[in-house]
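S.K.:
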Amino acid sequence: QVIGDSFGNVIHVGERDCSMQRRHQKLIEESPAILLDEKTRTRLHETAIKAAKAIGYEGAGTFEFLVDKNLDFYFIEMNTRLQVEHCVSEMVSEIDIIEQMIKVAEGYALPSQESIKLNGHSIECRITA
């Protein structure tokens, strides 16, 4: 999950593991992704930030990657909207993504990446009846 502003700043608010799916619908979203080592996690975050900066992205967006058993990752797509599972990222980053989207739209700069401390663990489950 990334957020970009009009000043060229882009921050990430962690990653989510959305591997558990049924018919291409996410059933469980989890942050942090427990199978990633710190080196891969850092590379993943840096890649998403670099890509968002390269296109001058503003607002909230989600980069999706596929990670293989060797921890190599491959870009799948970018969703240029706020996704249902954004709450998972909010819980571990303590960043209100919607508030930041509004501030970006009003012309404010984002907080620095260094001010964001990822902490804890968050899981979201989709229940269909």
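If you're matching positions, the sequence shown starts at 1 in full-length UniProt numbering and goes up one per residue. Don't be surprised by glycine CBs; every beta carbon is placed ideally from N, CA and C.
Closest Cβ-Cβ distance between A33 and chain D: below 8 angstroms?
M.R.: The chain labelled as chain D is not found in the depicted structure, where only one protein chain is given.
S.K.: Could you tell me the boundaries of the alpha helix (DSSP H) in which I98 lies?
M.R.: Position 98 of the sequence shown, counting from 1, holds the residue named residue 98. Run containing I98: I97 to A105, per the alpha helix (DSSP H) assignment.
S.K.: Compute the Euclidean distance between the alpha carbons of R43 and S122, then round it to the nearest angstrom.
M.R.: Indexing the sequence shown from 1 puts residue 43 at position 43. Indexing the sequence shown from 1 puts residue 122 at position 122. Going by the C-alpha atoms only, they are around 21 angstroms apart.
S.K.: What is the C-beta distance between residue 209 and G61, in whole angstroms, given that I count them as a contact (C-beta under 8 angstroms)?
M.R.: Here the chain has residues from 1 to 129 only, and residue 209 is not among them.
S.K.: With three or more C-beta pairs closer than 8 angstroms as the rule, is the region 72-92 touching the region 102-114?
M.R.: no
S.K.: As a quick exercise: from F73, I11, Q1 and E85, pick the residue whose alpha carbon is nearest that of E114.
M.R.: For this step, residue 114 is matched to residue 114 along the sequence shown. Per the Cα distances, I11.
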